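Heads up, the sequence shown is in the numbering used here, so the first residue is 176 and it goes up one at a time. The beta-carbon is built from N, C-alpha and C at its ideal position, and this holds for glycine as well. A quick note: this is a predicted structure, and the numbers were derived from the prediction, not measured.
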Amino acid sequence: MSALSGKTQTSKKINRIELRLTVNDINNPLHNIIFLNLNKKELIYDEKSKNEALQLVRRWYGIIEVVIKQANDKKEIGSLANELKIAPKLAIVSIADEIKKLADLHSAGILTLEEFQQQKTKLLGKQ
176 MSALSGKTQT SKKINRIELR LTVNDINNPL HNIIFLNLNK KELIYDEKSK NEALQLVRRW
236 YGIIEVVIKQ ANDKKEIGSL ANELKIAPKL AIVSIADEIK KLADLHSAGI LTLEEFQQQK
296 TKLLGKQ
């Protein structure tokens, strides 16, 4: 599962705008996406340019947030699908185990053939 966090710092002059992403990766949790990187001579002073740049970063932040959510949803769906695939196999194994136990009880003389057949029919009817 991944997560995003955001923080905005503004000032009168801008020389750098970046989007910092924090993801669930112990080896590499921080990722910086640089949208603007100017030297001191090229600083942005006007409010309009600053707002346009910040809007661009916010838009990309939103897009990345949606992509991560969709990826997490797919993981959950995949996990659920795997569980659903495994459950019938477990049920079949369980029924086979129960029939084996009934057969052992019949072989030991604890169940009659008729009782064994009745119990086996009940188990097979649960599938």
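Assign residue i to one of two classes, buried (16 or more other C-beta atoms within 10 Å of its C-beta) or exposed (fewer than that).
i	result
residue 285	exposed
residue 189	buried
residue 218	exposed
residue 288	exposed
residue 277	buried
residue 299	exposed
residue 196	buried
What would DSSP say about residue i, mapped onto helix, strand or coil?
i	result
residue 218	coil
residue 274	helix
residue 239	helix
residue 203	coil
residue 209	strand
residue 189	strand
For the alpha helix (DSSP H) that contains residue i, what are its first and last residues?
i	result
residue 288	288-300
Along the chain, where does the beta strand (DSSP E) that runs through residue i open and close?
i	result
residue 213	That residue, residue 213, is in no beta strand (DSSP E); it is neither H nor E in DSSP.
Name the DSSP beta bridge partners of residue i, please?
i	result
residue 234	Answer is none; residue 234 lacks a bridge partner.
>> Using a Cβ distance threshold of 8 Å, determine whether the stretch 188-208 contacts the stretch 219-234, with at least three qualifying pairs required.
In response: yes
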